[in-house]
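Working notes for the structure below.
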Amino acid sequence: MTTKLIPYGRHSISDDDIAAVVEVMKHGNLTQGDRVPVLERALSEYVNAPYVTLVNSATSALHLACKALGVASGDLVWTSPVSFVASANCARYCGADVDFVDIDPKTLNLSLDGLQEKLLQARSKGRLPKVIVCVHFAGLTVDMRRLRLLTAEYDIALVEDASHALGADYEGEKVGAGRYSDAVVFSFHPVKMITTAEGGAVVTRNETLHTRVRRLRSHGIERDMLKIENKEQPPWYYEQVELGFNFRLSDMQAALGLSQLQRLDKMVARRRQLATQYDHSLQGLPLVLPPRGNEPETSSCWHLYLIRLEEPELRLALYQYLHKHDIGVQVHYIPIHFQPDYRQLGFEYGQFPQSEDYYERCLTLPLYPDLTDAEQMYVVERITHFFKTVARSDSP
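Note that this note's numbering has the sequence shown beginning at 3, numbered continuously upward.
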């Protein structure tokens, strides 16, 4: 028995991280100082994409990406039903409608075969999406090359929701390079690859898109004298040229993220090691283990380790059993179209059968860089014990 809860995910904070934040608190600007642009440049270099805008959350980043791409009332955005609600809400913030493409049970990402079929149907009805938000679920990337080929003839913008995928690899580059998309969004929530407590980023190769994202991040205000309407003005002058938001990240948060970024590859390597150990240790149990993709071309960063039970009726019992033994497993996610707010829009149970089957079977096991081998083995032992004894009893 453990003496503390083993959560499904947890941030990793070092003494260097703490020192970096304290340094800003003592000697720097708490916000709108130099740490945000330094972290933006460091992320740009890491993912090999020219333009990065830091914001206060990945939800804000998704919102800004859609807004900057011109999503508005009357438009349509498609995404996966298996994600956090922000992947769909971003379109609704812009006044657009949302629809979903079912997942591929082999990858748990948006089904590209299903997308191809849905695009043909949508074209025949004259109702194509303006943007597709493709979610790199649990850290495994969508096949972006094929996705771009499928959408190229329809003039659809692509936003990679890479909230789970900082540090993952695709075609020899880090996710975020954005070769096949218009924008990439990252999350720096505490359970993600690196953290700024709360925070996110919009990454793009498009300078025009980048300029608008940055302006929208801070109230829609323009300070560049070459871009303002009234050219002959004093140096303090600025203009609000459109309605924007206060979605800025603070310098304290950026300092934490900058420090964390130095350890990102090491933390991803540990996640990959833990995932491999789970794969070996859970063999032979009545479980479907997580997809690995086409390695090494596509290599997950393992934000989540997701198992699926062959007998879905045992999921609640296993969840309760593990929590009873101080193992904080979780479910990721309730399909978005199940939410009451979305059912009021007309979505119904049964519309996306692969997503719904996944939801009935899934469970997220603990996986984070500071998870010890002993803790992981305890998790495996408890799961094994459940299937060998508890699951066979009449009263689990």
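Heads up, the beta-carbon is just placed ideally off N, CA and C, and yes, glycines get one too.
C-alpha gap between residue i and residue j, whole angstroms
| i | j | result |
| --- | --- | --- |
| Tyr323 | Ile385 | 9 Å |
| Tyr182 | Leu151 | 9 Å |
| Asp267 | Ala199 | 19 Å |
| Leu245 | Ala67 | 15 Å |
| Met3 | Glu377 | Since pLDDT at Met3 reaches only 46, below the 50 mark, its modelled position is unreliable, and no value is offered. |
| Leu7 | Ile329 | 6 Å |
| Ser357 | Leu117 | 14 Å |
| His221 | His387 | 55 Å |
| Asn1 | Arg317 | Lying before the first or after the last residue shown, residue 1 is absent from the chain, which here runs from 3 to 398. |
| His65 | Phe190 | 16 Å |
| Tyr172 | Asn232 | 46 Å |
| Phe349 | Gly97 | 17 Å |
| Tyr240 | Glu224 | 6 Å |
| Gln353 | Ile105 | 12 Å |
| Ala63 | Lys390 | 45 Å |
| Arg147 | Gln235 | 47 Å |
| Ala179 | Ala164 | 11 Å |
| Arg43 | Leu373 | 30 Å |
| Leu218 | Ala70 | 8 Å |
| Tyr2 | Asp359 | Since the first and last residues shown for the chain are 3 and 398, residue 2 lies out of range. |
| Ser75 | Val40 | 36 Å |
| His282 | Arg274 | 13 Å |
| Pro342 | Thr213 | 36 Å |
Of the residues the options, the one placed nearest residue i, counting alpha carbons only
| i | options | result |
| --- | --- | --- |
| Ser16 | Ala170, Thr197 and His138 | Thr197 |
| Ala277 | Leu308, Glu297, Asn296 and Pro288 | Leu308 |
| Ser302 | Phe139, Asn91, Ile20 and Ala74 | Phe139 |
| Arg12 | Pro368, Ala70, Pro292 and Leu149 | Pro368 |
| Val73 | Val100, Asp106 and Val87 | Val100 |
| Asp19 | Asn91, Glu241 and Gln264 | Gln264 |
| His334 | Leu64, Val40, Asn111 and Tyr48 | Asn111 |
| Phe188 | His166, Glu175 and Thr206 | His166 |
| Leu417 | Thr33, Tyr95, Ala93 and Val177 | Nothing about residue 417 can be reported from this structure: the residues present for the chain run from 3 to 398 only. |
| Gly35 | Ser46, Val23 and Val204 | Val23 |
| Ala21 | Leu160, Gln262, Tyr48 and Ala93 | Gln262 |
Burial state of residue i, where buried means 16 or more other Cβ atoms lie within 10 Å
| i | result |
| --- | --- |
| Lys132 | buried |
| Asp115 | exposed |
| Lys28 | exposed |
| Leu320 | buried |
| Pro83 | buried |
| Pro292 | buried |
| Trp238 | exposed |
| Ser395 | exposed |
| Tyr399 | Outside the shown range of the chain, which is 3 to 398, sits residue 399, and nothing can be said about it. |
| Ser85 | buried |
| Lys229 | exposed |
| Val186 | buried |
Proximity test, Cβ basis, 8 Å: residue i and chain E
| i | result |
| --- | --- |
| Leu45 | In the structure shown, chain E does not exist; there is a single protein chain. |
Chain-order list of residues whose beta-carbon lies under 7 Å from that of residue i (same chain, five-residue window excluded)
| i | result |
| --- | --- |
| Arg37 | Val26, Gly30, Asp253, Ala256, Ala257 and Leu260 |
| Asn208 | Asp184 |
| Val103 | Trp80, Ser82, Leu112, Ser113, Gly116, Leu117 and Lys120 |
Proximal residues to residue i (C-beta, below 8 Å), its chain only, five neighbours per side dropped
| i | result |
| --- | --- |
| Arg216 | Thr55 |
| Gly295 | Thr109, Leu142, Thr143, Ser301 and Ser302 |
| Leu130 | Leu78, Leu121, Ala124, Tyr156 and Ile158 |
Cβ neighbours of residue i in the same chain (closer than 6 Å, five flanking residues each side left out)
| i | result |
| --- | --- |
| Arg310 | Val290, Arg363 and Cys364 |
| Tyr361 | Pro337 |
| Pro398 | Residue placement at Pro398 cannot be trusted, given a pLDDT of 44 that sits under 50; the coordinates are not used to answer. |
| Pro371 | Ser14, Met269 and Arg272 |
Identity of the residues DSSP links to residue i by a beta bridge
| i | result |
| --- | --- |
| Val144 | In the DSSP output, where bridge partners are listed per residue, Val144 has none listed. |
| Arg310 | Val290 and Cys364 |
| Gly202 | Val57 and Ser189 |
| Ile134 | Trp80 and Leu160 |
| Gly330 | Pro9 |
| Leu100 | Here residue 100 is Val; the residue named in the question, Leu, does not match the sequence. Val100 pairs with Val79. |
| Lys176 | Asp171 |
| Asn248 | Ser220 |
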